[in-house]
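Residues 459 to 791 (our numbering) are what the sequence shown spells out, left to right.
Each remark here refers to the structure printed beneath this line.
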Amino acid sequence: MKGIVFLGNRQCAVKEVPTPEPGNGEVRIQMKVSGICGSDLHVYRPPEPRDWVQGHESSGVVEKLGLNVTNLKVGDRVTVHHHQGCGQCYYCSLGDFVWCPDDKVVSGAFGEYVVANERNCVVLPDQIDFIDGPFFACVGTTAYAALRRLGVEQYFPQTIAVYGLGPVGLSTVRIAKSMGTRVIGVDVMEERIEVAKRCGADATVNAATEDPVEAVVAFSGTEGVDYVVETSGSTGGRSSIIPSLRREGKAALVGVGSDDKVINPGDMVYRRITLMGSVVFPIGWLKDFVRYCAQTGLTFAPAVTHHFRVDDGVEALRIADEARCGKVVFDWD
Numbered sequence: 459m460k461g462i463v464f465l466g467n468r469q470c471a472v473k474e475v476p477t478p479e480p481g482n483g484e485v486r487i488q489m490k491v492s493g494i495c496g497s498d499l500h501v502y503r504p505p506e507p508r509d510w511v512q513g514h515e516s517s518g519v520v521e522k523l524g525l526n527v528t529n530l531k532v533g534d535r536v537t538v539h540h541h542q543g544c545g546q547c548y549y550c551s552l553g554d555f556v557w558c559p560d561d562k563v564v565s566g567a568f569g570e571y572v573v574a575n576e577r578n579c580v581v582l583p584d585q586i587d588f589i590d591g592p593f594f595a596c597v598g599t600t601a602y603a604a605l606r607r608l609g610v611e612q613y614f615p616q617t618i619a620v621y622g623l624g625p626v627g628l629s630t631v632r633i634a635k636s637m638g639t640r641v642i643g644v645d646v647m648e649e650r651i652e653v654a655k656r657c658g659a660d661a662t663v664n665a666a667t668e669d670p671v672e673a674v675v676a677f678s679g680t681e682g683v684d685y686v687v688e689t690s691g692s693t694g695g696r697s698s699i700i701p702s703l704r705r706e707g708k709a710a711l712v713g714v715g716s717d718d719k720v721i722n723p724g725d726m727v728y729r730r731i732t733l734m735g736s737v738v739f740p741i742g743w744l745k746d747f748v749r750y751c752a753q754t755g756l757t758f759a760p761a762v763t764h765h766f767r768v769d770d771g772v773e774a775l776r777i778a779d780e781a782r783c784g785k786v787v788f789d790w791d
């Protein structure tokens with residue numbers, strides 16, 4: 459089969475590699491749509507090569523069963539939780555595979571077939587398009603988990619500022635809008651700001667040319683928004699969190715990047731600000747999110763700006779790395 463491997467220093471190649479075989483409790487999935495995630499770029503940029511097929515945002519059709527598979531059948535449409543634990547420890551019993559001491563990432567979504575344990579697979583209802591599958595596998599459910607941890611309520615009057623309008627930020631905009639929330643998006647890339655508008659943002663700010671805090675506070679109509687979701691990981695984004703919030707506001711840190719210490723604990727104390735980190739999600743939340751999207755009709759198609767075939771993988775990674783885009787996906791049909 460064809461797959462994309464990373465050569466180091468922002469170089470990659472499309473290679474012929476062996477088609478993986480499912481082992482005990484595993485299934486082989488024929489890809490339909492897979493996505494390029496920001497964390498893929500974190501291993502695309504360094505000098506170290508990765509000589510196995512990359513990508514962890516999978517969606518496709520179960521094509522082959524390994525031994526002792528009981529909950530899936532050939533032909534099932536699935537997405538894949540991208541963290542695979544041992545299946546035996548305390549955290550795996552909670553479905554929070556990312557905390558498992560033996561956790562590993564389910565790679566291979568930049569290839570024609572992916573092998574995954576059946577416990578990582580979530581069946582997609584027929585009304586959900588494969589274009590949404592990569593969002594369920596990682597970025598979309600990551601955004602959903604941040605909003606859930608913050609306690610954002612559906613159809614309750616709330617305001618949210620989203621700092622960083624990459625795929626996670628755009629997903630946050632889509633989900634928050636589906637919940638009836640007023641959303642302002644902040645970025646420094648005009649291309650991403652335009653995608654955020656397409657995704658339903660009520661207002662946007664280009665932080666390269668405007669004061670984002672001033673714009674966010676004005677948008678709130680009071681002293682600040684109820685919630686901030688920071689997905690950029692940048693110094694500018696993080697330093698804007700507390701000034702953007704009203705008293706007793708809440709914020710989730712999702713983006714990984716700068717280690718600059720720009721958040722003042724005193725400001726948190728005297729304004730009763732709640733600040734939390736949010737990384738990935740339990741598989742139960744992934745199932746909840748799939749049901750939510752099936753019930754509401756929420757789709758992430760407006761966040762997708764580029765479609766590629768695997769043969770064009772070099773160009774696809776280059777565009778995703780430039781960050782002047784929304785979501786970049788590979789189509790397999």
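Glycine residues also receive a C-beta, built at the ideal position from the N, C-alpha and C atoms.
The C-beta separation of G643 from V620 comes to about 5 Å, placing the pair in contact by the 8 Å criterion. With 16 or more neighbouring CB atoms inside 10 Å of its own CB, G771 falls in the buried class. In this structure, DSSP gives I651 a helical state, which the three-state scheme calls helix. Here the C-alpha atom of S736 lies approximately 16 Å from the C-alpha atom of Y549.
Within the same chain, R696, S697, I699, I700 and L733 come within 8 Å of I721 by CB-CB distance, once the 5 residues on both sides are set aside. Three or more Cβ pairs closer than 8 Å define a contact, and the segment 627 to 645 falls short of that threshold against the segment 548 to 566.
DSSP places M726 in the uninterrupted alpha helix (DSSP H) bounded by P723 to R729. Judged by DSSP in its simplified three-state form, G694 adopts helix. In the three-state reduction of the DSSP assignment, I642 falls in the strand class, which pools E and B. If you ignore the 5 residues before and after Y750, its C-beta comes within less than 6 Å of no other C-beta in its own chain. Three or more pairs of CB atoms, one per stretch, sit closer than 8 Å, so the segment 594 to 610 contacts the segment 680 to 689. Using a C-beta cut-off of 8 Å, the segment 530 to 537 makes no contact with the segment 493 to 512, since fewer than three inter-stretch Cβ pairs fall below that distance.
Between the beta-carbon of K785 and that of V748 there is about 18 Å, and that puts the pair past the 8 Å contact cut. Secondary structure of R577 (DSSP, three-state): helix.
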